[in-house]
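Undergrad: The structure's right below; bear with me while I get my questions together.
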Amino acid sequence: MAPFCETGSAEIHEVVVSEDARSRDAHMEVFRLRRDAYRYMGGDLYGALTRSVVGGALRVHVSCGWKWLLRLTFGRRDFGKGELVSLLKTAGLTDDDLRPFRTANPDDIFYFLYYGKRFDVLRRLCRSAKRRSEELPETGAAKIEFHLVAPEDSRIIASSI
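Below you can see the structure in the form of structure tokens.
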């Protein structure tokens, strides 16, 4: 028996679940994994994560935009503004930072963080999504990494790594 792990196309132990082609391409540019390691999540992220782990993945990268990152952090599609404010406070924002956004659209908050160069907060949010996803029974012992992709220039701007 060889002292290393053979991985053929049927057994890929590191996969990328991406929200769309833009997120996939952003990840490919940085990480350059095998092309067959990339999968689309479509509308069913948890299903894509579960299928990847059941398929033998030991490490799953999730490459996604702001809305998907929030959905994964909260573990559901819809969440309240109060929940978002609380999450952002734990990620390092103050009441003064958040005051203008108490009734704002979550997209407005993203642009405040992105153009305000609050990448520290975005990284903490990626780590929150990572923790939440790794706690799911369906993901087993797989390591999950999150990569947040900017909508304007399609590049990774924050990561849980």
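To convert, take the position in the sequence shown, counting from 1, and add 217; that gives our numbering. Backbone N, C-alpha and C define an ideal beta-carbon position, used for all residues, glycine too.
1. So is Ile378 buried or exposed if we call it buried at 16+ other beta carbons inside 10 Å?
2. For Arg340 and Leu262, I'd like the C-alpha separation in whole angstroms.
3. Across the stretch 310-330 and the stretch 347-356, are there enough close Cβ pairs to call them in contact, namely three or more that are closer than 8 angstroms?
4. Answer yes if the stretch 358-377 comes into contact with the stretch 282-289, meaning at least three C-beta pairs across the two stretches below 8 angstroms, and no otherwise.
5. How about Val232 and Val277: do their beta carbons lie closer than 8 angstroms?
6. Measuring alpha carbon to alpha carbon, tell me which residue in Leu275, Gly259 and His244 is nearest Ala358.
7. By how many angstroms is the C-alpha of Leu250 removed from the C-alpha of Glu223?
8. With 16 as the cutoff for other CB atoms within 10 Å, does Gly297 come out buried or exposed?
9. Quick one: using the 10 Å Cβ neighbour count with 16 as the cut-off for buried, is Thr290 buried or exposed?
TA: Well, looking at it:
1. Position 161 of the sequence shown, counted from the start, is the residue given in the question as residue 378. When all chains shown are included, Ile378 counts as exposed.
2. If you number the sequence shown from 1, residue 340 lands on position 123. If you number the sequence shown from 1, residue 262 lands on position 45. So the alpha carbons of these two residues sit roughly 20 angstroms apart.
3. no
4. yes
5. The residue given as residue 232 occupies position 15 in the sequence shown. The residue given as residue 277 occupies position 60 in the sequence shown. Contact flag set, yes.
6. Translated into positions along the sequence shown, residue 358 becomes position 141. Comparing Cα-Cα distances from Ala358 to each of Leu275, Gly259 and His244, the minimum goes to Leu275.
7. Mapped onto the sequence shown, residue 223 falls at position 6. Mapped onto the sequence shown, residue 250 falls at position 33. Low per-residue confidence applies at Glu223: pLDDT is 43, beneath 50, and the placement is therefore not dependable, though the value from the model is reported in the following sentence. Glu223 and Leu250: Cα-Cα distance of roughly 16 angstroms.
8. To locate residue 297, count along the sequence shown from 1; it is residue 80. Exposed, by the Cβ-count rule.
9. Counted from its first residue, the sequence shown places residue 290 at position 73. By the 10 Å Cβ count, Thr290 comes out buried.
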